[in-house]
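Q: Here you go, one structure.
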């Protein structure tokens, strides 16, 4: 209770979006740990929970008037881990390891495309209502679906295609409004 009195209710409300963003980050990191333990289904669930936190952090930030540049950057860092690094590692562990260097290259390309997508959004697109290029959360959902394929060649092609879609100029609608 002392913390609430010290910081005030208004300041505590402004922490909620950051707590959700950090939850997204930690869920993505934990998904990576579960993937290394061979528990892909648990890792998929953790990424999906991260997706829920990612939706809520932006929603809460707007509703609580707590939108900030720091929050935007933190959100992108969390999204990079949960929606780019974790799904790439899952795809590699699930099947792409069978095609060794090419599988690893597909994962690296996907992660780089995710990073470029997030950086481009922060630098030039955060003020528009839709998205240019596939949003990383949607890309992660497609990557999670790909991990179910028993064919590494399908996963490799899909991983590259999703990466290209993230950095494409194709318009995607936003669910923010």
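Residue numbers (full-length UniProt numbering): 1 to 177.
Cβ coordinates follow ideal geometry from the N, Cα and C atoms, glycine included.
In this text, all values refer to a predicted model and were calculated from it rather than measured experimentally.
(1) Please return the same chain residues whose Cβ sits closer than 8 angstroms to the Cβ of residue 21, not counting the five positions on each side in sequence.
(2) Provide the residue span of the alpha helix (DSSP H) that contains residue 154, from first to last.
(3) Taking the C-alpha atoms as reference points, what is the distance between residue 158 and residue 146?
(4) So, at 6 angstroms on beta carbons, what are the nonlocal neighbours of residue 88 in its own chain, with the 5 sequence-adjacent residues on each side left out?
(5) DSSP state of residue 171, grouped into three classes?
(6) For a quick check, are the C-beta atoms of residue 133 and residue 174 less than 8 angstroms apart?
(7) Tell me whether residue 132 sits in a helix, a strand or coil according to DSSP, three-state version.
(8) Spatial neighbours of residue 81 within its chain, please: CB distance less than 7 angstroms, with the 5 preceding and 5 following residues excluded, ordered by chain position.
(9) Out of curiosity, what's the CA-to-CA distance linking residue 116 and residue 12?
(10) Do residue 43 and residue 90 have their CB atoms nearer than 8 angstroms?
(11) Which same chain residues, not among the five before or five after residue 61, have their C-beta less than 7 angstroms away from its C-beta?
(12) I need the straight-line Cα distance from residue 141 to residue 48, nearest angstrom please.
(13) Measure the alpha-carbon distance for residue 172 versus residue 149 and round it to whole angstroms.
(14) What does a CB cutoff of less than 7 angstroms around residue 46 pick up in its chain, not counting 5 residues either side in sequence?
(15) Which of helix, strand or coil does DSSP assign to residue 38?
(16) Over the uninterrupted alpha helix (DSSP H) stretch that includes residue 111, give me the two end residues.
A: Let's see:
(1) Locating residue 21 in the chain shown gives position 21, where the first residue counts as 1. Once the five neighbours on either side are set aside, the close Cβ partners of residue 21 are 53, 54, 57, 71, 74, 75, 78.
(2) Here residue 154 refers to the residue found at position 154 of the chain shown. Residues 152-167.
(3) Along the chain shown, read from residue 1 onward, the residue named residue 158 stands at position 158. Along the chain shown, read from residue 1 onward, the residue named residue 146 stands at position 146. Cα to Cα, residue 158 sits roughly 7 angstroms from residue 146.
(4) Within the chain shown, numbered from 1, the residue matching residue 88 stands at position 88. 107, 110, 111, listed in sequence order.
(5) As a working note, residue 171 is residue 171 in the chain shown. The answer is strand: DSSP assigns residue 171 an E or B state.
(6) In the chain shown, the residue the question calls residue 133 occupies position 133. In the chain shown, the residue the question calls residue 174 occupies position 174. For residue 133 and residue 174, no; Cβs fall outside 8 angstroms.
(7) Against the chain shown, residue 132 aligns to sequence position 132. In the structure shown, residue 132 sits in a strand (DSSP, three-state: E or B).
(8) Locating residue 81 in the chain shown gives position 81, where the first residue counts as 1. For residue 81, where only same-chain residues beyond five positions count, the Cβ hits under 7 angstroms are 25, 28, 29.
(9) By 1-based counting over the chain shown, the position of residue 116 is 116. By 1-based counting over the chain shown, the position of residue 12 is 12. Distance between the alpha carbons of residue 116 and residue 12 is about 33 angstroms.
(10) In the chain shown, residue 43 corresponds to position 43, counting from 1. In the chain shown, residue 90 corresponds to position 90, counting from 1. Yes.
(11) For this step, residue 61 is matched to residue 61 along the chain shown. Cβ within range, chain order: 17, 67, 71.
(12) For the purposes of this step, residue 141 is taken as residue 141 along the chain shown, with counting starting at 1. For the purposes of this step, residue 48 is taken as residue 48 along the chain shown, with counting starting at 1. Taking the straight line joining both Cα atoms gives about 8 angstroms.
(13) By one-based count along the chain shown, residue 172 stands at place 172. By one-based count along the chain shown, residue 149 stands at place 149. One C-alpha to the other measures close to 25 angstroms.
(14) The sequence position of residue 46 within the chain shown is 46, counting from 1. Excluding residues within five positions, the ones whose Cβ falls inside 7 angstroms are 27, 30, 31, 34.
(15) The residue labelled residue 38 in the question sits at position 38 within the chain shown. Residue 38: coil per DSSP, three-state reduction.
(16) Looking up residue 111 in the chain shown gives position 111. Element bounds for residue 111: 100-120.
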